[in-house]
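*Asks:* Please see the structure below; I have some questions.
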Amino acid sequence: MNPSPPSDKPAPAAKSAVRTVKVPEDRGGQRLDNFLLGQLKGAPRSLVYKLVRSGQVRVNGGRAKAERKLESGDEVRIPPVSLAEAGDKVAPPAGFLKRMEAAIVFEDTRLLVINKPSGVASHGGSGISHGAIETMRALRPNQTLELVHRLDRDTSGLLVMAKKRSALSELQALLREDSENGARGIEKRYLTLLVGRMPDGVMSVDAPLHVGLRQGGERHVQVNANGKASLSHFRVLERRGGHSYCEVRIETGRTHQIRVHAQHIGHPVAGDDKYGDEAANKRLREQVGLKRLFLHAASLQFSLDGGKTPYLLNAPLAEELADVLDRLG
């Protein structure tokens with residue numbers, strides 16, 4: 439019998455088998471959607487939500503919502519998923535992987551911390567294939583990594599990922615303290631260049647912020663009495679070219695907090711194309727080459743193990759921002 443000629447048709451996408459996974463002890467308290475993202479490596483959130491909504495995912499035999507908090511020992515039924523459908527995605531480019539590997543500034547058994555470059559999203563979605571968390575997972579395929587918090591795409595600096603569920607839970611509790619009452623569970627320090635001459639000393643901005651949506655779903659934040667309490671402290675470090683190089687400490691972690699508070703006091707962040715001064719941005723781009731938002735998450739200070747294990751994390755100012763300061767004289 440003559441062998442069949444090779445087919446030009448692509449092989450059908452392999453499909454995973456249905457499986458039931460028992461929630462391990464260190465995953466107790468995790469949301470169902472985040473648990474599934476960990477089980478279906480590379481799957482987009484949209485697919486995970488579709489599986490949950492359609493009832494194909496079951497917890498202890500019953501339907502469940504994406505936000506359900508799992509308990510240790512729960513049994514989660516994970517349906518068959520096409521590997522192509524689950525995001526048999528193209529790996530991040532080799533050069534980008536190398537750049538992100540070089541961005542690691544701290545690592546221990548619980549945490550992985552990077553100095554995130556400007557222009558890199560914290561996570562993928564909305565047309566972004568490779569966010570910071572997806573790229574670090576590609577670099578550490580056998581390591582569980584979860585984002586502890588997020589940074590705006592255009593902001594550079596410290597981005598913390600947890601290797602252990604216990605560290606993730608404790609850090610998120612500290613972040614909630616910050617958000618709810620400014621208890622400073624995590625002390626956050628940023629470096630920024632503000633347009634114009636800020637007054638000497640520390641200027642504290644206590645102005646509530648409200649997140650709204652513009653047409654097209656873009657988030658836009660503004661000072662609004664009905665917003666959430668937000669507190670930022672600006673301190674001038676030095677003046678450069680008629681502008682103010684500042685340290686900012688924030689006691690709450692609202693969306694776009696520093697950028698909107700800076701705009702509110704009449705000294706927007708240099709290079710901010712959303713809340714900034716268009717004319718000043720144009721001058722800075724042409725005269726000193728500032729092509730990005732001048733905002734950098736420089737340090738984080740917190741303690742784990744109920745206050746017994748202190749951490750002080752630092753990320754040096756991005757080279758392109760240091761160059762701008764030098765050119766401003």
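Residue numbers (the working numbering): 439 to 767. Glycine included, C-beta positions come from ideal geometry on N, C-alpha and C. What you are looking at is a predicted structure, and each value in this text was computed from that prediction instead of being measured.
Note down, in chain order, each residue of its chain lying with its Cβ closer than 8 Å to the Cβ of residue 487, except the 5 sequence neighbours on either side.
*Replies:* Here the set comprises 471 and 504.
*Asks:* By a C-beta neighbour count over all protein chains shown, 10 Å radius and 16 as the cutoff for buried, is residue 511 buried or exposed?
*Replies:* It counts as exposed.
*Asks:* Quick one: what does DSSP say residue 472 is sitting in, helix, strand or coil?
*Replies:* Residue 472: helix per DSSP, three-state reduction.
*Asks:* So, with DSSP's three-state summary, where would you put residue 460?
*Replies:* Residue 460 falls in the strand class under three-state DSSP.
*Asks:* Determine the DSSP secondary structure at residue 487, reduced to helix, strand or coil.
*Replies:* In the structure shown, residue 487 sits in a helix (DSSP, three-state: H, G or I).
*Asks:* Assuming contact is defined by CB atoms lying nearer than 8 Å, are residue 713 and residue 701 in contact in what I supplied?
*Replies:* In contact: residue 713 and residue 701 (Cβ atoms closer than 8 Å).
*Asks:* What residues in its chain sit with their C-beta under 6 Å from that of residue 667, if we drop five residues either side in the sequence?
*Replies:* Hits under 6 Å: 646.
*Asks:* If you reduce the DSSP assignment to three classes, tell me which class residue 606 lands in.
*Replies:* Of the three classes helix, strand and coil, the one that applies to residue 606 here is helix, per DSSP.
*Asks:* Helix, strand or coil: how does DSSP classify residue 740 here?
*Replies:* Looking at residue 740 - three-state DSSP - the assignment turns out to be strand.
*Asks:* Hey, residue 681 and residue 708: beta-carbon distance below 8 Å or not?
*Replies:* The answer is yes: Cβ separation under 8 Å.
*Asks:* Relative to the C-alpha of residue 507, which residue among 467, 553 and 501 is closest?
*Replies:* For the residues 467, 553 and 501, the minimum Cα distance to residue 507 belongs to 467.
*Asks:* Please report the Cβ distance between residue 570 and residue 597, rounded to the nearest whole angstrom; I am assuming they are in contact, meaning their Cβ atoms lie under 8 Å.
*Replies:* Yes, residue 570 and residue 597 are in contact; Cβ-Cβ is about 6 Å, under 8 Å.
*Asks:* Please return the same chain residues whose Cβ sits closer than 8 Å to the Cβ of residue 790, not counting the five positions on each side in sequence.
*Replies:* In this structure the chain extends from 439 to 767, so residue 790 is not present and cannot be described.
*Asks:* What ranges does the beta strand (DSSP E) occupy inside the segment 493–554, keeping only unbroken runs of at least 3 residues that lie completely in it?
*Replies:* Here the runs fully enclosed are 513–516, 542–545 and 549–554.
*Asks:* Which of helix, strand or coil does DSSP assign to residue 689?
*Replies:* Looking at residue 689 - three-state DSSP - the assignment turns out to be coil, as it is neither helix nor strand.
*Asks:* Once the 5 residues before and after residue 462 are set aside, which same chain residues still bring their CB inside 8 Å of it?
*Replies:* Closer than 8 Å at the Cβ level, and outside the excluded window around residue 462, lie 510.
*Asks:* With H, G and I counted as helix, E and B as strand and the rest as coil, what does DSSP make of residue 679?
*Replies:* Coil.
*Asks:* Is residue 493 closer than 8 Å to residue 483 when the C-beta atoms are compared?
*Replies:* It is not a contact, given that the beta carbons lie outside the stated cut-off.
*Asks:* Should residue 593 be labelled buried (16 or more other beta-carbon atoms within 10 Å of its own) or exposed?
*Replies:* With 16 or more other Cβ atoms within 10 Å, it is buried.
*Asks:* Under the DSSP definition of a beta bridge, which residues are partnered with residue 749?
*Replies:* Per DSSP, 740.
*Asks:* Rounded to whole angstroms, what's the CA-CA distance from residue 687 to residue 485? Just pull it up for me.
*Replies:* Distance between the alpha carbons of residue 687 and residue 485 is about 38 Å.
*Asks:* Can you give me the Cβ contacts of residue 765 inside the same chain, cut-off strictly under 6 Å, excluding the 5 residues immediately before and after it?
*Replies:* The residues are 726.
*Asks:* To the nearest angstrom, how far is the alpha carbon of residue 637 from that of residue 629?
*Replies:* Approximately 17 Å between the Cα atoms of the pair.
*Asks:* Whose C-beta lies closer than 7 Å to the C-beta of residue 455 among residues of the same chain, with five residues either side of it excluded?
*Replies:* Closer than 7 Å at the Cβ level, and outside the excluded window around residue 455, lie 518.
*Asks:* Along the chain, where does the alpha helix (DSSP H) containing residue 698 start, and where does it finish?
*Replies:* Per DSSP, residue 698 belongs to the alpha helix (DSSP H) from 695–702.
*Asks:* With burial defined as no fewer than 16 other Cβ atoms inside 10 Å of the residue's Cβ, what is the status of residue 743: buried or exposed?
*Replies:* Its Cβ having fewer than 16 others within 10 Å, residue 743 is exposed.
*Asks:* Quick one: what does DSSP say residue 772 is sitting in, helix, strand or coil?
*Replies:* Residue 772 lies beyond the range of the chain shown here (439 to 767); nothing can be said about it.
*Asks:* Here's the rule I'm using: 16 or more other beta-carbon atoms within 10 Å means buried, otherwise exposed. How should residue 754 be labelled?
*Replies:* By the neighbour-count rule (16 or more Cβ atoms within 10 Å), residue 754 is not buried but exposed.
*Asks:* Hey, which unbroken runs of the beta strand (DSSP E) at 3 residues or more fall wholly within the segment 637–678?
*Replies:* Listed in chain order, the complete beta strand (DSSP E) runs (minimum 3 residues) inside the segment 637–678 are 640–644, 647–651, 657–661 and 669–678.
*Asks:* Rounded to the nearest angstrom, what separates residue 551 and residue 735 at their Cα positions?
*Replies:* Residue 551 and residue 735: Cα-Cα distance of roughly 12 Å.
*Asks:* Roughly how many angstroms separate the alpha carbons of residue 669 and residue 516, rounded to a whole number?
*Replies:* Computed Cα separation, rounded: 43 Å.
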